[in-house]
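For the sequence shown, the numbering used here gives the first residue as 5, with consecutive numbering after it.
Down below is the structure, laid out as structure tokens.
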Amino acid sequence: MSSRPPKARPERFLAALALTIICLISLGNVVVRYATDASFAFTEEFSVFLLVIVTFAGAAAAARENQHIRIELLEHHVPRAMLPLLYILQWAAGLAVLGGAAWYGTIFAMEEYQWESLSPGLGLPNWIYVSWLPLLSVAIMIRLTQNLIDRFKGHSHAVGASHDS
């Protein structure tokens, strides 16, 4: 166990907070349903939104710690001299996908704002939910870039990032 503080603290906190809220909402819904045979209508809408937050915030933290699922077979079988090129290709592919998600997510959020679309369950503005997609996509892109820099500095296996199993 390393004594270094964990990286990507904001994303870790956001993911933990969202997961805690999901648990509390779900527990409250189960208790109310058991006690009254009714349920909270808003729980599914919030839970789905918070699950997206958990997924993207967790992906940003994983990207920073070099813990992302990727095709690692290539890293183990290419010559050491080819690793920097492979790292750049992995980083570029990640940026391409996440850049597209950020771009189209921003357009979608702006359209939801302009159209004044409301969520079906609670009637809240949809842009509140949708705007997290581009924000967290950019966060993942930043963390991927930080990880690439670490890999070039020789810290390719960051805190707890052992892939030799």
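We treat Cβ as the ideally placed atom computed from N, Cα and C, and that holds for glycine.
Predicted model, so just to flag it, every value in this text is computed and none were measured.
Item	Value
Cut-off 7 Å between Cβ atoms - residues of its own chain near Gln150, not counting five sequence neighbours on either side	Arg68
DSSP state of Pro83 mapped onto helix, strand, coil	coil
Identified DSSP bridge partners for Leu122	Pro129
Segment contact, 8 Å Cβ cut-off, at least three pairs: the stretch 104-116 with the stretch 133-140	yes
Segment limits, alpha helix (DSSP H) that includes Ala45	It is not in any alpha helix (DSSP H) - Ala45 carries neither H nor E in the DSSP assignment.
Distance between Leu148 and Leu28 (C-alpha atoms, nearest Å)	32 Å
Beta-carbon proximity of Phe44 to Gly32, cut-off 8 Å	yes
Where Gln94 sits in the DSSP three-state scheme	helix
Cβ neighbour criterion (16 or more within 10 Å) applied to Gly98	buried
Proximity of Ala96 and Val142 at Cβ, strictly below 8 Å	no
Beta-carbon gap between Ile73 and Leu18 smaller than 8 Å	no
Cβ neighbour criterion (16 or more within 10 Å) applied to Gly104	exposed
Whole-angstrom distance between Ala65 and Leu78, CA atom to CA atom	23 Å
Top-ranked residue by Cα proximity to Leu126, from Phe53, Leu87, Ile144, Pro14	Phe53
Continuous beta strand (DSSP E) assignments of at least 3 residues falling wholly in the stretch 50-81	none
Per-residue burial, Gly109 [other beta carbons within 10 Å of its own, 16 or more giving buried]	buried
Straight-line Cα distance separating Ser51 from Ile26	6 Å
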